[in-house]
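Residue numbers (the working numbering): 1374 to 1520. I have placed the structure first, in the form of C-alpha cells, so that the comments after it can refer back to it.
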C-alpha cells in the first residue's frame, strides 16, 4: 500500500512546468533570466515596462518544483533571501492559489510572468520556457549560494 501511495504522489511533483507570459509578449527567456526575474534582480521588460512576476502559493507542488528547477534548492531556502530583501524594500513576487489563477492573471496582464503545469497552457498565454528538463540556474543567480 505504501508503494502505491508513493507512485501516486510522485507524478504531481514531477509534473512538467512551463513559464508563461501574456500571449502578445514577444520574448524568449533562459533559465538564468527567469531566476533573475523571480529574485527581482531583473525588474523590467525590454522597453522599460515593469515585470510583474507571480508565484504559486507557498507549499504547493508547483512552487516547490519551480524553485528546485530554477534555483536548485527547495522553497524554504529562499526565505532567508526574501527576509534580507524585505529590509531593502524589495518584496517577493505576489502569490496566487492555483495554476488556473496564474494562467488567468497572466492572460489578462501584459506585463506578467508566471509558471503553471504544462498541461494547462493554452492559447491565452505564451510559453517562453519549459522546465521539465531544466537544469538549475548557475550559482551566481541563486540566493542561497555565494555571491
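For each residue, glycine too, the CB sits at the ideal point set by N, CA and C. Quantities reported herein were computed from a predicted structural model and do not represent experimental measurements.
Taking 8 Å as the CB-CB limit, is residue i close to chain B?
i: residue 1421; result: The structure shown contains no chain B; it holds only a single protein chain.
So, using beta-carbon positions, are residue i and residue j closer together than 8 Å?
i: residue 1488; j: residue 1402; result: no
i: residue 1394; j: residue 1501; result: yes
i: residue 1468; j: residue 1498; result: no
i: residue 1396; j: residue 1480; result: yes
i: residue 1423; j: residue 1430; result: no
Of all the options the options, which has the alpha carbon lying nearest to the alpha carbon of residue i?
i: residue 1472; options: 1407, 1411, 1433; result: 1433
i: residue 1392; options: 1422, 1423, 1442; result: 1442
Here's a check: name, in chain order, each residue in its chain whose Cβ is nearer than 7 Å to the Cβ of residue i, leaving out the five neighbours to either side.
i: residue 1440; result: 1446, 1447, 1448, 1451
i: residue 1410; result: 1424, 1426, 1486
i: residue 1494; result: 1391, 1393, 1500
i: residue 1398; result: 1483, 1499
i: residue 1470; result: 1430
Excluding five sequence neighbours on each side, which residues of the same chain lie with their C-beta closer than 6 Å to the C-beta of residue i?
i: residue 1460; result: none
i: residue 1491; result: 1389, 1391
Inside the segment 1402-1479 only - beta strand (DSSP E) runs reaching at least 3 residues: 1425-1429, 1467-1469
If you pair each beta-carbon of the segment 1479-1498 with each one of the segment 1451-1461, do three or more pairs fall below 8 Å? Contact between the segment 1479-1498 and the segment 1451-1461 is not established, with fewer than three Cβ pairs separated by less than 8 Å.
Within 8 Å, do at least three Cβ pairs link the segment 1410-1422 to the segment 1471-1482? no
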